[in-house]
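262 is the number of the first residue of the first sequence in the working numbering; add one for each residue after it. The beta-carbon is built from N, C-alpha and C at its ideal position, and this holds for glycine as well.
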Amino acid sequence: MRMSRLFFQTFREAPAEAEIAGHRLMLRAGMIQPIAAGIFDFLPLGLRVKHKVEAIMRQEMDAIEGQEVALPLVHPAELWQRTGRWQEIGSDMARLKDRNGRDYCLGMTHEEVMADLASAVVSSYRQLPFMLYQIQTKFRDEPRPRAGMIRVREFTMKDAYSFDRDFAGLDAFYPRVYQSYFNIFRRCGLDVIAVESDTGMMGGTMAHEFMALTPVGEDTLIICDECGYRANRQVAVFRKPEADAAAPLPREEVHTPGTTTIQALAEYLGISQAQTAKAVFLMAEVQDEQSGAAREQFVFAVVRGDMELNETKLTNAIKARRLRPATPEEIRAVGAEPGFGSPIGLERPANGNGAWVIVDELVAASPNLVAGANKADYHYKNVNVGRDFEADQVVDLTAAAEGQACVRCGGTLAAVRGVEVGNIFKLGTKYSEAMGATYLDEEGNSRPIIMGCYGIGTGRLMACVIEHHNDEHGIQWPISIAPYQVIIVSLANEKNPEVTQAVEDIYADLLAAGVDVLLDDRAERAGVKFNDADLLGIPIRLTVGGKGLKNGVVEYKLRRNGEDGELPLATLTQDVQALVQAEFARLDATLVAESLEAA
RNA sequence: CGGGGAGUAGCGCAGUCCGGCAGCGCACAGCGUUUGGGACGCUGGGGUCGUAGGUUCAAAUCCUAUCUCCCCGACCA
């Protein structure tokens, strides 16, 4: 491609809204163009990167016997109604009606359609197992798109779905996808770690997320450097401290004016925050056991005062669809007092319609805590779970945090930020049962297909690669996904036609040899061309000018580390191909076997 | 949805407080001089000042409503 004809525009300054490096550089390099919040055009340079990422995904999916399909973006509501997600998912799902008033949605993900497809084709165990994948557009009406391509509303996802006859088959296949995902990310030059994750709206039994570590990440990860334990903070567990073994003391009311926070309370009483119980009041949307309809349920969560509530753990413990903070009116309606609340003496009608009391296991094991008296400016001392109030559930509700002890080895946990670039889920039968995706086994019994699903966001992956590979001059693309592998900077002008001829010859030779080369033949000054080559991040730069030609050489420079040198004209094509191969070899060296057990 | 910020030429911004010809830099077009790390001079094109309504002799500027975008939070695969 000749840059004189390339549809692009570089900018010295990025639009004001771009704050993170990856976003600024994609805009400055003219790879994407925003047209609405979280919706972007891809320009030719950006699209070439995207296509190269997708080619790598296809190779790795094919390598584990994936078969590519293409499913629609627009789905009939009926498919999503069968799994209940038409109701469960809120306004993240874009819905529309056709001319006859029938309901449709834009696909946020494709479990329903995939399971429906499988049900149409599969009838026998002989057809299993298999994996289907596609690289396709998703639309999720995010409440807050942000950070350029990191969180968008319309995006391209590689999503794959496995179909097995039993869990043993899924358990055997899952680690192959796990390895495949590391291959994809490493071939794209992206360092990731895999962490245990919540199954969220997907449902299922096991899930991992592939996280690119970066301070701009939206997820907090809890990791142990000593034993390798790592998990999303949403599900991370840790070794809780031993509770005191003291005998329960008589409960005692104390006057604690103005102590509406744990910190104030502990200071006022001269005790540690660990000696208090913290009450968190929430309204949960749950499914009513009798009617099946959604209803709001008051939930009283209790964690130790020095710990934070993990809302994901609570959500899973009570099978809630979502949580929101309770209002002061709602808190008083159940007999509690905001700022001085505890489950002691709450209205607990036998019909189960009262507040649900969910208590962290550490609180249940700790004797003689300070808790609210449900009366303004008063707390109780020596509160003991079981004696002073009953818990509906005693579970782990506490958020893991930096400095706590690793559940596996007792080492010190660290918290880091990451961006989720991929995820893999063991789905089980949720979708196959709903969609009637069954097969007949050897005995003629009808059984639901066991599913797994596996996703990677391509634009997010690109953004993370730039986030990791950039400097003050611009992007430093890994050779595997660079828009072009080589750029020729022509220093020809009207006064040196011999340089023009040499540039044209070199360009023609490289093209003929199949080199992925971009020619900067614009009538710009050298500085402009060098700066644009840096900004675009082309890995190998060739400079063709009178100075080198006089000595029979072309200069080269690697974008990655600034390494430079001269290549003789006589062997230029082979030498350039060798440089390209060397760059690929660096990436291939990062490919190693990954064991699922380590995560 | 809550809090904060911003909408003026393709991009970056000034002008708004205190109403009075819509500006600057980059980019773009033409001419000339330049020509190995974002050149210089001259000339030129380009703006419903987010939108709608109001006040006023006069509105980018004041008032009201509304839309959009960005950041933090909530939410989220």
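> Between ARG231 and VAL682, what straight-line distance do the alpha-carbon atoms span, to the nearest angstrom?
Replying inline: As shown, the chain starts at 262 and ends at 860. That puts residue 231 outside it, with no answer to give.
> In chain order, what residues of the same chain have a beta carbon less than 8 Å from the beta carbon of HIS734, not counting five sequence neighbours either side?
Replying inline: ASN792, ASP795 and LEU796
>> Helix, strand or coil for ALA860? Go by DSSP, reduced to three states.
In response: Residue confidence is low: ALA860 scores 46 on pLDDT, short of 50, so the model does not pin down where it sits. Its coordinate-derived value is still stated next. Coil at ALA860, not helix or strand.
> In whole angstroms, what is the alpha-carbon distance linking LYS255 and ALA724?
Replying inline: What the structure shows of the chain is the stretch from 262 to 860, and residue 255 is not part of that stretch, so it cannot be assessed.
>> If distances are taken between C-alpha atoms only, which option among PHE424, PRO589, PHE446 and ALA773 comes closest to PRO739?
In response: PHE446
> Are the CB atoms of LEU803 and ILE717 nearer to each other than 8 Å?
Replying inline: no
> Out of curiosity, what's the CA-to-CA distance linking MET264 and PHE845?
Replying inline: 25 Å
> Comparing alpha-carbon positions, which option in GLY788, ILE619, ASN645 and LYS539 lies nearest PRO509?
Replying inline: ASN645
> Which residues in the same chain have their Cβ closer than 6 Å to the Cβ of MET467, if we skip the five residues on either side of it in sequence?
Replying inline: LYS687
> Which class does ALA652 belong to by DSSP, given the choice of helix, strand or coil?
Replying inline: coil
>> Tell me which residues share the same chain as SER384 and place their Cβ nearer than 7 Å to its Cβ, disregarding the 5 neighbours each side in the sequence.
In response: TYR700 and LEU701
> Whole-angstrom Cβ separation of GLY566 and ALA538, contact assumed at under 8 Å?
Replying inline: 6 Å
> By Cβ distance, which residues of its chain are closer than 6 Å to TYR442, with the 5 residues on each side in sequence left out?
Replying inline: PHE471 and GLY683
> Okay, do the segment 656 to 673 and the segment 345 to 365 touch, 3+ Cβ pairs below 8 Å being the bar?
Replying inline: no
>> Rounding to the nearest angstrom, what Cα-Cα distance links VAL760 and VAL815 in this structure?
In response: 11 Å
>> Going residue by residue through the segment 611 to 646, where are the continuous alpha helix (DSSP H) segments of at least 4 residues, counting only ones entirely within it?
In response: 622 to 626
> Just the Cα atoms here: how many angstroms apart are GLU372 and SER707?
Replying inline: 21 Å
>> Does the contact criterion of 3 or more C-beta pairs under 8 Å hold for the segment 429 to 438 versus the segment 633 to 645?
In response: no
>> With H, G and I counted as helix, E and B as strand and the rest as coil, what does DSSP make of PRO305?
In response: helix
> Whose C-alpha, out of ALA594, GLN534 and ILE619, is nearest the C-alpha of LYS574?
Replying inline: ILE619
> Excluding five sequence neighbours on each side, which residues of the same chain lie with their C-beta closer than 6 Å to the C-beta of GLN495?
Replying inline: ASP459 and THR573
>> With H, G and I counted as helix, E and B as strand and the rest as coil, what does DSSP make of GLY716?
In response: strand
>> Please give me, in chain order, every unbroken run of the beta strand (DSSP E) with length at least 3 that falls completely inside the segment 391 to 454.
In response: 391 to 400 and 415 to 425
> Roughly how many angstroms separate the alpha carbons of GLN388 and MET712, rounded to a whole number?
Replying inline: 14 Å
> Can you give the beta carbon distance from PHE542 to ILE592, rounded, assuming they're within the 8 Å contact cut?
Replying inline: 5 Å
> Looking at C-alpha atoms only, which residue of ASN822, ASP420 and MET410 is the closest neighbour of ASN731?
Replying inline: ASN822
> Taking the continuous beta strand (DSSP E) assigned at LYS358, which residues delimit it?
Replying inline: 356 to 358
> With 16 as the cutoff for other CB atoms within 10 Å, does ARG448 come out buried or exposed?
Replying inline: buried
> CB-CB under 8 Å to VAL335, same chain, minus the five flanking residues each way: which ones, in chain order?
Replying inline: LEU357, TYR365, CYS366, LEU367 and GLY368
>> I need the DSSP call for CYS725, collapsed to helix, strand or coil.
In response: helix
> Alpha carbon to alpha carbon, what distance is there between GLY327 and SER856?
Replying inline: 21 Å
> Can you tell me where the alpha helix (DSSP H) with LYS808 in it begins and where it stops?
Replying inline: 807 to 811
> Under the rule that 16 or more other beta-carbon atoms within 10 Å means buried, what is GLU703, buried or exposed?
Replying inline: exposed
> Using the rule of at least 16 other Cβ atoms within 10 Å of the residue's Cβ for burial, across every protein chain shown, is ALA660 buried or exposed?
Replying inline: buried
> What are the partner residues of GLY231, as DSSP defines its beta bridges?
Replying inline: One cannot answer for residue 231 here, as it falls past the ends of the chain, which runs 262 to 860.
> Are the beta-carbon atoms belonging to PRO604 and VAL563 less than 8 Å from one another?
Replying inline: yes
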